[in-house]
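A.B. asks:
Numbering (UniProt numbering), first residue to last: 1 to 166.
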């Protein structure tokens, strides 16, 4: 029997929530990481929920059911790297869930970043996580790589909570 895997689906612009809901209605297990963002309009500010990774929805299914998933309105295609469907490990999804649960400020960044210092978080809600430190503008960010989808999570962590590891 074929194993269930988390596949990475690409959706039309700003339709991640609708696609996730439609897939759930059809009985698929779906994960859509959402973050809260403060939006500024001319007359007010409002907190809104948005997808952490623009255009991406994670679907747990079998390879032979991928075509069925694509029949949902708003679904575009499954992400491919080197001719293979992109999958994401359960451990990587757990990291994403943990980051969201902590409520720390987070940005997603799909760009290629040269490796910097490898660090371990020694304090705060992300204690014991390991990753890299990069500089972005005037701030230091802690970088967690999600290799299955070639995405990075940039999290602002005070320097005092980071310890260099070899």
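All C-beta atoms, glycine included, are put in the ideal place defined by N, C-alpha and C.
This one's a predicted model, so the numbers in the text were calculated from it and none came from an experiment.
Going by C-alpha to C-alpha distance, which of 93, 142 and 72 sits closest to residue 179?
C.D. replies: Examination of residue 179 is not possible in this model, given that the chain is present from 1 through 166 alone.
A.B. asks: Run the CB neighbour count on residue 43, radius 10 Å, all protein chains shown included, and call it buried at 16 or more, exposed below.
C.D. replies: Exposed, by the Cβ-count rule.
A.B. asks: Nearest chain C C-beta to residue 43 closer than 7 angstroms, yes or no?
C.D. replies: Among the chains of the structure shown, chain C does not appear; only one protein chain is present.
A.B. asks: Does the Cβ of residue 130 have 16 or more other Cβ atoms within 10 Å, making it buried, or fewer, making it exposed?
C.D. replies: It counts as exposed.
A.B. asks: When you compare the CB positions of residue 30 and residue 149, do they come within less than 7 angstroms of one another, or not?
C.D. replies: Contact flag unset, no.
A.B. asks: Please state the DSSP three-state secondary structure of residue 133.
C.D. replies: In this structure, residue 133 counts as strand in the three-state DSSP scheme.
A.B. asks: Taking contact to mean at least 3 C-beta pairs separated by less than 8 angstroms, is the region 64 to 80 in contact with the region 88 to 95?
C.D. replies: No: fewer than three Cβ pairs fall under 8 angstroms.
A.B. asks: Give the DSSP-derived three-state secondary structure of residue 12 in the structure shown.
C.D. replies: Reduced to three states, the DSSP call for residue 12 is coil.
A.B. asks: List the residues that DSSP assigns as beta-bridge partners of residue 51.
C.D. replies: According to DSSP, residue 51 bridges with 34.
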